[in-house]
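Protein chains in written order, with our numbering: chain W, 1 to 193; chain Y, 1001 to 1193.
Glycine residues also receive a C-beta, built at the ideal position from the N, C-alpha and C atoms.
Predicted model only: the values in this text are computed from it and were never measured.
First the structure, in the form of structure tokens, and then the observations on it.
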DNA sequence: CCATAGATTGAGGCTTCCCTCAAGTTAGCT
DNA sequence: AGCTAACTTGAGGGAAGCCTCAATCTATGG
């Protein structure tokens, strides 16, 4: 039916503008549909969010593949992270989501992140003591900056990201005080938003 | 009166455990006082928050002074940032607050941050292209990690901070893509949470 | 043209939190 | 004791969201 599409369109727009916490009634109104219909189509907010951002999984996978295809391993690594952050910056809702969806997972798309990372380490440019779980710090950090600066200093996140990346270079490496998060820890942390 | 103290105690505890968004009614209940009394003493949530965290301003100033007294400029800089992050990690409420209160301000205490920063730059260890406004990235980033990992991986923020600090070293410096935020921009961003 | 299955509607009940204010209580002063 | 000023109380009104469900509408096949 047409209503499902209208709802997805409205939700996409409102999530992008206002984040994942928009009132569902507002989405229904924007779609020109009643709140009851929204609940018929998407029994929970989660279902709606998932449907709206379904395509992003593929998009991120594609970005990772493009980045892996680049000759320079470090450049590929940087390009991938930058692209993901650009998605975050362009869409308030995806920014909210990225923090919960981040790098570590059995997810096919994110296996590629591991390859990008290891390749950059083998090339000697990415510090060897970081692991996949550490990428969550990048995403969480930039997400916070994106959120804070959306209104007043859009683009400032690029500076934050650049500083962060400089800390990931092998030449910058100094001993880290604690071991990386384990996979279950990382997953639990992402659940906690 | 005694009630003011009871309220401050209860609020201090609940803010620390649950963040700044605890229901005021819960604070009143924990203080053994009615909601009306809470409103008599603290007409707005902000007033209560301010009263609870009043001492932190002095505490942070003291930390900055201690750090300035250290011989090694870089060590002082790192010690200060680490101490502030420790405060954030120990208190959910202060973590919420730090992001809005961060480095830039006419605040006496935060003028010292500028001295720490410039001293570390003069010593050649802190990269010369960062400014006070960039410290907001550190606070925002670590605050996000503290929040996410509070339950599942406490202490993980130390790793995030260490990586971030490595990116601030002069040896790590690579050109930054955009200029630092202006002071008004920084202040506006901090208002937006 | 009717019957029926399916979709849609939106008022209304529910929860949570905010904040106020009339009535009641306490404490200090004479 | 009596009087007053100051403080305390908590029921209650209001706003925002969530979610449900009986009534209504639509469409399709016979």
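Asked	Found
With respect to the alpha helix (DSSP H) encompassing residue 1174 of chain Y, which residues constitute its N-terminal and C-terminal limits?	Premise fails: residue 1174 of chain Y is in no alpha helix (DSSP H) and is neither H nor E.
Name the chain Y residues whose beta carbon is nearer than 9 Å to that of residue 181 of chain W?	1149, 1152, 1153, 1156 and 1159
Closest to residue 182 of chain W by CA distance: which of W:192, W:153 and W:132 is it?	W:132
Is DSSP giving residue 24 of chain W helix, strand or coil here?	helix
Let me see if you follow: with CB-CB separation under 7 Å, is residue 36 of chain W close to chain Y or not?	no
Thinking C-alpha only, which one of Y:1177, Y:1175 and Y:1090 is nearest residue 1018 of chain Y?	Y:1090
Do you know how far the Cα of residue 27 of chain W is from the Cα of residue 964 of chain Y?	Summary: the structure shown does not reach residue 964 of chain Y, with chain Y confined to residues 1001 through 1193, and so no result is reported for it.
Could you tell me if residue 1144 of chain Y is buried or exposed, where buried requires 16 or more neighbouring beta carbons within 10 angstroms of its beta carbon?	buried
Under the assumption that residue 163 of chain W contacts residue 78 of chain W (Cβ atoms under 8 Å), give the Cβ distance between them as a whole number of angstroms.	Their Cβ separation, rounded to whole angstroms, is 13 Å, which puts residue 163 of chain W and residue 78 of chain W out of contact at 8 Å.
May I have a chain-ordered list of the alpha helix (DSSP H) segments no shorter than 4 residues that lie completely inside the stretch 1039-1090 of chain Y?	1045-1069 and 1073-1090
With DSSP as the reference, identify every bridge partner of residue 126 of chain W, one or two as the case may be.	W:169
Would a C-beta distance cut-off of 7 Å place residue 1187 of chain Y and residue 178 of chain W closer than the cut-off?	no
What do you get for residue 36 of chain W, buried or exposed, if any count of 16 or more other CB atoms within 10 angstroms of its CB means buried?	exposed
Which bits of chain Y does residue 190 of chain W rub up against, with CB to CB less than 8 Å?	1148
CA-CA distance, residue 56 of chain W and residue 1122 of chain Y?	45 Å
Going by DSSP in three states, residue 150 of chain W sits in which element: helix, strand or coil?	coil
Does residue 1061 of chain Y come within less than 7 Å of chain W when only Cβ atoms are used?	no
What residue does the alpha helix (DSSP H) around residue 181 of chain W start on, and which one ends it?	Segment: none, residue 181 of chain W is in no alpha helix (DSSP H) and carries neither H nor E.
Report, in whole angstroms, the separation of the C-beta atoms of residue 170 of chain W and residue 127 of chain W, which I expect to be a contact under 8 Å.	5 Å
Along chain W, in chain order, which residues have C-beta atoms closer than 9 Å to that of residue 1018 of chain Y?	The contacting residues do not exist; residue 1018 of chain Y stays about 13 Å from chain W at best.
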